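Heads up: the sequence shown is residues 1 to 368, going by the numbering used here.
Think of the CB as a built atom: it goes at the ideal place given N, C-alpha and C, for glycine as much as any other residue.
These figures come from a predicted structure and were not determined experimentally.
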Amino acid sequence: MTNTAHTASSRLGLRPGVVTGADYRRLVETCRDEGYALPAVNVVGTDSINAVLEAAARNRADVIIQLSNGGARFYAGEGMKDADQARVLGAVAAARHVHTVAAAYGVCVILHTDHADRKLLPWISGLIDASEEAVKETGRPLFSSHMIDLSAEPLEDNIAECARFLRRMAPLGIGLEIELGVTGGEEDGIGHDLDDGADNAHLYTQPEDVLKAYEALSPLGFVTIAASFGNVHGVYAPGNVKLRPEILRNSQAAVAKATNLGEKPLALVFHGGSGSEQAKITEAVSYGVFKMNIDTDIQFAFASSVGRYVHEHAEAFSHQIAPSTGKPTKKLYDPRKWLRVGEQGIVARLEQSFADLGATGRSVARAI
């Protein structure tokens, strides 16, 4: 990474906190044009949100916070009987939390919702309704962008439905992420089985499909594209997944040739980044990837950290008065103790991710 790139980033001077509209687009295009990417982390509560923000602030890096439909439902509470209502209310509550505290961390945050297939389109519609109300009240939408994943459907249907939603989202300052091709594995009930063997043709997007989607959707609003290049959700044994980042390069070339918009006209997304080889990550980012999802690794970082703590203090998680000492164990099983340990696990893993993606020290937020 060059000093020139760092200087260019710092000159943006965007307002810290959640970015939407033109500021969201400027951040995405800066990442793409300067050759670095941001980690995208699925959150499920204030603990994971706060840990992501802490990591971003420590590394002076911008970050992407996103909610899956299950994460949004969990945020509202598994005791809420109406799951559809919980998905909307949980996502709205999480968004408001991020809007309330993010600016104080001094970095820019892209606030996003993850995979929504056909059955989850009412969830996205409900969140657009909420953003319409937020725009009336504050002048800003709740989310930077939403993802619609109709990759299992015919391309024409995928594009038509995405266009319908983008026409509502764009006037509010909300971007759209679409998926073309199939990302293997599963994310909160959305996904596809991974067949045995490394070369699964359905895991690779065709550049002509990317061009068709871009030409149809880009006139309507700002679009980012998750083009599949063999990536999968989760972590799989070596050899079971064959990443081909050159598909991203070819997609950029196809759109560049047709539009004369420069070398990297597309803002691309890397789903299923957990467990990927560093060389493949670096190559993908060089082709215009601005965002990489690392949900599985973050979950493990939290869980393994808490697991070690519980193992080290096993007595406290079985007895309020320690049999070995006769003393209360409350200070050890206090949720703030072990939840904090989990947060620290997230922070440590994200520090590695910021470095891997070239994002460390490159926040475009102005100083506070």
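The beta carbon of ALA95 sits closer than 7 Å to those of LEU111, LEU142, PHE143, all from its chain and outside the five residues before and after it, given in chain order. Distances from the CA of GLY126 to each of THR30, LEU27, ASN69 were compared; the closest alpha carbon is that of ASN69. In chain order, ARG26, THR30, VAL364 place their CB closer than 7 Å to the CB of LEU12, counting only its own chain and leaving out the 5 sequence neighbours on each side.
Between the segment 170-179 and the segment 222-230 there are three or more C-beta pairs closer than 8 Å, enough to call the two in contact. In the three-state DSSP reduction, SER145 falls in the strand class (E or B).
Beta-bridge pairing by DSSP links VAL41 to ILE65. The beta-carbon separation of ARG32 and LYS242, rounded to 25 Å, does not stay under the 8 Å limit for a contact. In terms of Cβ geometry, LEU155 and SER228 do not form a close pair [threshold 8 Å].
Ranked by how close their Cα comes to the Cα of GLU54, the residues VAL347, LEU261, GLU246 have VAL347 in first place. Within the segment 276-354, the runs of beta strand (DSSP E) at least 3 residues long that lie entirely inside it are, in chain order, 289-293.
The distance from the Cβ of LEU357 to that of PRO39 is about 6 Å, consistent with a contact at the 8 Å cut-off.
ILE298 sits close to ARG349, with the two beta carbons spaced by under 8 Å. The beta carbons of ALA322 and GLU312 sit no closer together than 8 Å. Apart from the 5 residues on each side of it in sequence, VAL210 sits with its Cβ closer than 8 Å to the Cβ of LEU180, ILE225, ALA227, SER251, ALA254, VAL255, LEU266 in its chain, given in chain order.
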